[in-house]
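Peer 1: There's a structure below that I have some questions on.
Chains as they are written, first to last, in this note's numbering: chain B, 1 to 381; chain R, 1001 to 1177; chain G, 2001 to 2288.
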């Protein structure tokens, strides 16, 4: 029991993706978890319900996914790192509050373990249909960061990264996992803690009368928590630098510009991707999540057949990593986009590509076998 | 070398737990492993499957299309997954529960895992008997590390599981096709 | 309410002793003539000033609507969140910072119509927050639509033939859910209201005050209560203070001869969510 009263020790494990995600959140410093039961993300909540109290941290099962993410923001406003986890239907319910998180600039982490949709879909089967929703789901102009793991290790690493990024930029960050990566057991190496980068939001501790909670001096204003004595006001209404509602178009422009630019101007730091044989490839497959694992196998087999094929695995989906895709498209004759949906990631790829782009779409339910991707590659070469 | 191993049975037989233990033992041994649990919507008694990949290289595609080895712990599991077995694949069955082999393996191994577990008074250790049989029949993961992993997984039932594992090893037989 | 003893001192002052609790730079406020929300605001700052809790520990959270704007006028840590969600926000905040005195001030539409699910579950959990629910029987800000508190038969912009649904009886609902403190006052009963707020700060667990508030420009214009004084008359003639009232009879109909029952109906000690969580911490091994 006592060994459980601390963080997961550095070492090598064989662990379920969802549990690796929960343990990563603990290491990242998550102090508050609120969630609502939904397959296939449940193991995260179950694990957190056991682990959080062992560390004196807070777990609450809310009445729905709206309450969950709103409670997460309440905790974040009190200055702690907070998260929720869900799947498609719950993710849909959270959309309005993702906008609130962006507008109030309250950091939070949302794990979406994607399942087959639309609607209730097939809760226990995999899908990758939330790519566009993750980016565009809430109304109005805002930006956020979306990461997509393809392995247990990546789920662990990107969960910590999600906390770091949300704290750094004061934005909502989504980890767009999927049912296979969530439920799969895999090898996990937890590094020594001093090798793990942990970011905490920048706090303001200057004079009270000079504090502007939404100062435009920097892209990310320093934070004060409830109870710090600054008498802060936060509102979802368009606000000025004091945080007060404003109908002035100039205030609106300044605010929206900053909310968008703090992500856009840092895009290059936020892009995470891996390329394989992309340098001399005629055909490059752009993909992410569990589909990247099928694709890598397919690309290796294609190379063995003498086909000049490469791939780009995106670990950051949003902001969309334009440069590597654009560069690949300047050398390749064709880009393919492999995903378990009827064509979502293909849109930003098309937007930047300088060569023809086609989709390898696998309808929801299963991860595409490598042979399926290979057929798509062969047809394109 | 990569091994694709599919365990098939029904919920409650410990199929997924067996897959987890096998994968964890492989990782302990320095190999790479991935395990994909799947099950039907029933809370108990529905179908259950654990797909375990073990490789001495980093695993790229972690899922299984056609396994090299099928472990069938129930007739239903055999009916559901038998046809997926690779040509010239290997089969391990619970000889009491699987009567009708619906595939064409190179070799068939059999152990009456559930009956042996019953003889120990705990049917839930049938999966451990099966792991013992698996270890004897196919190797892949070191027997010592596998047993050690079982012990660590069930620290409160060390002797029972040791016995179950040993009986699995001792009673597995290659049978006629 | 007797007029006896009322002394008007003929002195105009430019500042009030509570000004430091108001964001005066945000005035003029957006509320209509005759609205009760200024009175609610006044009672709240009076209660804060009179409470023994440091001002920096008070947090106010509002949702959307006319009442939702209160958060923006109080010089405290204040959060103005999405429609229906201030209670859930308050729960997250209070759970991680039990030392804060977290108060939700929002309207009926916000808290018990769109936000009704959070309302009932926060009471069930007995999270230690105060909810000052201002009930004006209508969605004022969006243009006077009916809601879940609009009395049966009352007119609104979406009930031109009279509201076809019966309203919530909120004190009964909250009491049934186990709230340790349930009160109802009107904006005419300022002293009792401020006192109830002070009590609410001291309550361990969920404290609900339903505040009946005039909306002459909105609800009133549809229902023969066109001026603030019409409401005052309504409150004076129809309100009955009965702390031990049978809450089954506490629904508000606004029909002639049917009273508006007021009082501090429920005051009881019970374990709060915080107590339950401490038990979890013990079982998990974190606390001895």
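Using N, Cα and C, we set each Cβ at its ideal position, and we do this for glycine too. Fair warning: this is a prediction, and the values are worked out from it, not measured in the lab.
Starting from the beta carbon of residue 1037 (chain R), find every residue of chain B whose beta carbon is closer than 7 Å, and list them in chain order.
Peer 2: Within the second chain, residue 1037 (chain R) is the residue found at index 37, counting from 1. Chain B residues near residue 1037 (chain R): 183.
Peer 1: Rounding to the nearest angstrom, what Cα-Cα distance links residue 2098 (chain G) and residue 2274 (chain G) in this structure?
Peer 2: To locate residue 2098 (chain G), count along the third chain from 1; it is residue 98. To locate residue 2274 (chain G), count along the third chain from 1; it is residue 274. Going by the C-alpha atoms only, they are around 8 Å apart.
Peer 1: Any contact between the region 1011 to 1026 of chain R and the region 358 to 365 of chain B? By contact I mean 3 or more CB pairs, one from each, below 8 Å.
Peer 2: They do not touch, by the three-pair rule.
Peer 1: From the DSSP output, read off the bridge partner residues of residue 1072 (chain R).
Peer 2: Sequence index remark: in the second chain, residue 1072 (chain R) carries index 72 (1-based). Bridge partners of residue 1072 (chain R): R:1008, R:1093.
Peer 1: Helix, strand or coil: how does DSSP classify residue 335 (chain B) here?
Peer 2: To locate residue 335 (chain B), count along the first chain from 1; it is residue 335. Residue 335 (chain B): strand per DSSP, three-state reduction.
Peer 1: My understanding is that residue 1985 (chain G) touches residue 2132 (chain G), with C-beta atoms under 8 Å, so please give their C-beta distance in whole angstroms.
Peer 2: Lying outside 2001 to 2288, the shown extent of chain G, residue 1985 (chain G) is not represented and no answer is given.
Peer 1: Give me the Cβ distance between residue 2183 (chain G) and residue 2196 (chain G), rounded to the nearest whole Å; I'm assuming they're in contact under 8 Å.
Peer 2: Taking the first residue of the third chain as 1, we reach residue 2183 (chain G) at position 183. Taking the first residue of the third chain as 1, we reach residue 2196 (chain G) at position 196. Confirmed, about 4 Å.
Peer 1: By DSSP, does residue 1029 (chain R) sit in helix, in strand, or in coil?
Peer 2: As a first step, residue 1029 (chain R) is located in the second chain; it is residue number 29 there, counting from the start. Of the three classes helix, strand and coil, the one that applies to residue 1029 (chain R) here is coil, per DSSP.
Peer 1: Leaving out five residues on either side along the sequence, give the residues of the same chain with a beta carbon under 6 Å from the beta carbon of residue 1002 (chain R).
Peer 2: On the second chain, position 2 is the one that residue 1002 (chain R) refers to. Once the five neighbours on either side are set aside, the close Cβ partners of residue 1002 (chain R) are 1055.
Peer 1: Could you list which residues in chain B have their beta carbon closer than 7 Å to that of residue 2079 (chain G), in chain order?
Peer 2: On the third chain, position 79 is the one that residue 2079 (chain G) refers to. Ordered by position in chain B, the residues that pass the 7 Å Cβ test against residue 2079 (chain G) are 77, 234.
Peer 1: Enumerated in chain order, which unbroken segments of the beta strand (DSSP E) with a length of 3 residues or greater are wholly contained in the region 1106 to 1162 of chain R?
Peer 2: Those beta strand (DSSP E) runs which fall completely within the region 1106 to 1162 of chain R and span 3+ residues are 1107 to 1111.
Peer 1: When you compare only the Cα positions, how much space is there between residue 2242 (chain G) and residue 2179 (chain G)?
Peer 2: For this step, residue 2242 (chain G) is matched to residue 242 along the third chain. For this step, residue 2179 (chain G) is matched to residue 179 along the third chain. Roughly 18 Å separates the two Cα atoms.
Peer 1: Given that residue 2201 (chain G) touches chain B, what residues does it touch there, using C-beta distances under 7 Å?
Peer 2: The count along the third chain starts at 1 and reaches residue 2201 (chain G) at position 201. None at all; the shortest Cβ gap to chain B is about 15 Å.
Peer 1: Taking residue 42 (chain B) as the reference, give the member of B:266, B:88, B:6, B:371 with the closest Cα.
Peer 2: On the first chain, position 42 is the one that residue 42 (chain B) refers to. The option with the nearest alpha carbon to residue 42 (chain B) is B:88.
Peer 1: Mind checking if residue 85 (chain B) is an interface residue toward chain G, Cβ cutoff 8 Å exclusive?
Peer 2: For the purposes of this step, residue 85 (chain B) is taken as the residue at position 85 of the first chain. No, residue 85 (chain B) does not count as interfacial toward chain G.
Peer 1: Tell me which residues share the same chain as residue 2051 (chain G) and place their Cβ nearer than 7 Å to its Cβ, disregarding the 5 neighbours each side in the sequence.
Peer 2: If you number the third chain from 1, residue 2051 (chain G) lands on position 51. Hits under 7 Å: 2198, 2201.
Peer 1: Just the chain G side, please: which residues come within less than 7 Å of residue 56 (chain B) by C-beta, in chain order?
Peer 2: Residue mapping note: residue 56 (chain B) aligns to position 56 of the first chain, counting from 1. Those within 7 Å of residue 56 (chain B) in chain G are 2281, 2286.
Peer 1: For residue 1024 (chain R), return the contacting residues in chain B, with the cut-off set at a CB-CB distance below 7 Å.
Peer 2: Counted from its first residue, the second chain places residue 1024 (chain R) at position 24. What residue 1024 (chain R) touches in chain B: 14.
Peer 1: Would you call the region 1060 to 1068 of chain R in contact with the region 1099 to 1114 of chain R, where contact means no fewer than 3 C-beta pairs closer than 8 Å?
Peer 2: The region 1060 to 1068 of chain R vs the region 1099 to 1114 of chain R: no contact.
Peer 1: Can you check the region 255 to 290 of chain B for any alpha helix (DSSP H) of at least 4 residues that lies completely inside it and give the ranges in chain order?
Peer 2: Listed in chain order, the complete alpha helix (DSSP H) runs (minimum 4 residues) inside the region 255 to 290 of chain B are 267 to 270.
Peer 1: Between residue 2102 (chain G) and residue 2129 (chain G), is the Cβ-Cβ spacing less than 8 Å?
Peer 2: Reading the third chain from its first residue, position 102 is the one you call residue 2102 (chain G). Reading the third chain from its first residue, position 129 is the one you call residue 2129 (chain G). The answer is yes: Cβ separation under 8 Å.
Peer 1: In angstroms with no decimal places, state the Cα-to-Cα distance between residue 234 (chain B) and residue 2227 (chain G).
Peer 2: As a position in the first chain, residue 234 (chain B) is number 234, starting the count at 1. As a position in the third chain, residue 2227 (chain G) is number 227, starting the count at 1. Cα to Cα, residue 234 (chain B) sits roughly 33 Å from residue 2227 (chain G).
Peer 1: How about the region 213 to 225 of chain B and the region 247 to 258 of chain B: do they share at least three Cβ pairs that are nearer than 8 Å?
Peer 2: Cβ pair count under 8 Å is three or more, so yes.
Peer 1: Short of 7 Å in beta carbon distance, which residues of its chain neighbour residue 2120 (chain G), apart from the five on each side in sequence? Order them along the chain.
Peer 2: Against the third chain, residue 2120 (chain G) aligns to sequence position 120. These residues qualify, in order along the chain: 2177.
Peer 1: Just verifying my parser: in three-state terms, what is the DSSP assignment at residue 2002 (chain G)?
Peer 2: Here residue 2002 (chain G) corresponds to residue number 2 of the third chain, with the count starting at 1. Bear in mind that a pLDDT of 48 at residue 2002 (chain G), under 50, signals an unreliable position, so the model cannot answer this.
Peer 1: Grouping DSSP H, G and I as helix and E and B as strand, with all else coil, what is residue 97 (chain B)?
Peer 2: Working through the first chain from its first residue, we reach residue 97 (chain B) at position 97. Residue 97 (chain B) falls in the helix class under three-state DSSP.
Peer 1: How far does the beta strand (DSSP E) with residue 47 (chain B) in it extend, from its first residue to its last?
Peer 2: Translated into the one-based positions of the first chain, residue 47 (chain B) becomes position 47. First-last for residue 47 (chain B): 42 to 54, but that is the alpha helix (DSSP H), not the beta strand (DSSP E).
Peer 1: With a CB to CB cut of under 8 Å and the five nearest residues on each side skipped, what residues in its chain are close to residue 1 (chain B)?
Peer 2: Your numbering for residue 1 (chain B) matches position 1 in the first chain. For residue 1 (chain B), the predicted model reports a pLDDT of 43, less than 50, meaning its position is unreliable; a value from the coordinates is still stated below. Excluding positions up to five away in sequence, the list is empty.
Peer 1: Just to confirm, are residue 40 (chain B) and residue 120 (chain B) a CB contact at a threshold of 8 Å?
Peer 2: If you number the first chain from 1, residue 40 (chain B) lands on position 40. If you number the first chain from 1, residue 120 (chain B) lands on position 120. Not in contact: residue 40 (chain B) and residue 120 (chain B) (Cβ atoms no closer than 8 Å).
Peer 1: If we define contact as Cβ-Cβ less than 8 Å, is residue 369 (chain B) a contact residue for chain R?
Peer 2: Taking the first residue of the first chain as 1, we reach residue 369 (chain B) at position 369. Interface residue, yes.
Peer 1: Shorter than 8 Å from the beta carbon of residue 214 (chain B) to some beta carbon of chain G?
Peer 2: Within the first chain, residue 214 (chain B) is the residue found at index 214, counting from 1. Cβ-Cβ to chain G under 8 Å: no for residue 214 (chain B).
Peer 1: Nearest CA to the CA of residue 2189 (chain G): which residue from G:2210, G:2151, G:2084?
Peer 2: Indexing the third chain from 1 puts residue 2189 (chain G) at position 189. The candidate whose alpha carbon is nearest that of residue 2189 (chain G) is G:2210.
Peer 1: How about residue 2243 (chain G): is its C-beta nearer than 8 Å to some C-beta of chain B?
Peer 2: Residue 2243 (chain G) sits at position 243 when you count from the first residue of the third chain. It does not; no Cβ of chain B falls within 8 Å.
Peer 1: List the whole-angstrom C-beta distance separating residue 281 (chain B) from residue 150 (chain B), where the pair is believed to meet the contact cut-off of C-beta under 8 Å.
Peer 2: Here residue 281 (chain B) refers to the residue found at position 281 when the first chain is read from its first residue. Here residue 150 (chain B) refers to the residue found at position 150 when the first chain is read from its first residue. Not quite, the Cβ-Cβ distance comes to about 19 Å (not below 8 Å), so this is no contact.
Peer 1: Out of G:2010, G:2069, G:2034, point me to the one whose CA is closest to residue 2023 (chain G)'s CA.
Peer 2: Locating residue 2023 (chain G) in the third chain gives position 23, where the first residue counts as 1. That would be G:2069, whose Cα lies nearest to the Cα of residue 2023 (chain G).
Peer 1: Under 7 Å Cβ to Cβ from residue 1012 (chain R), same chain only, skipping five residues before and after it: list those, please.
Peer 2: Counted from its first residue, the second chain places residue 1012 (chain R) at position 12. Excluding positions up to five away in sequence, the list reads 1044, 1045.
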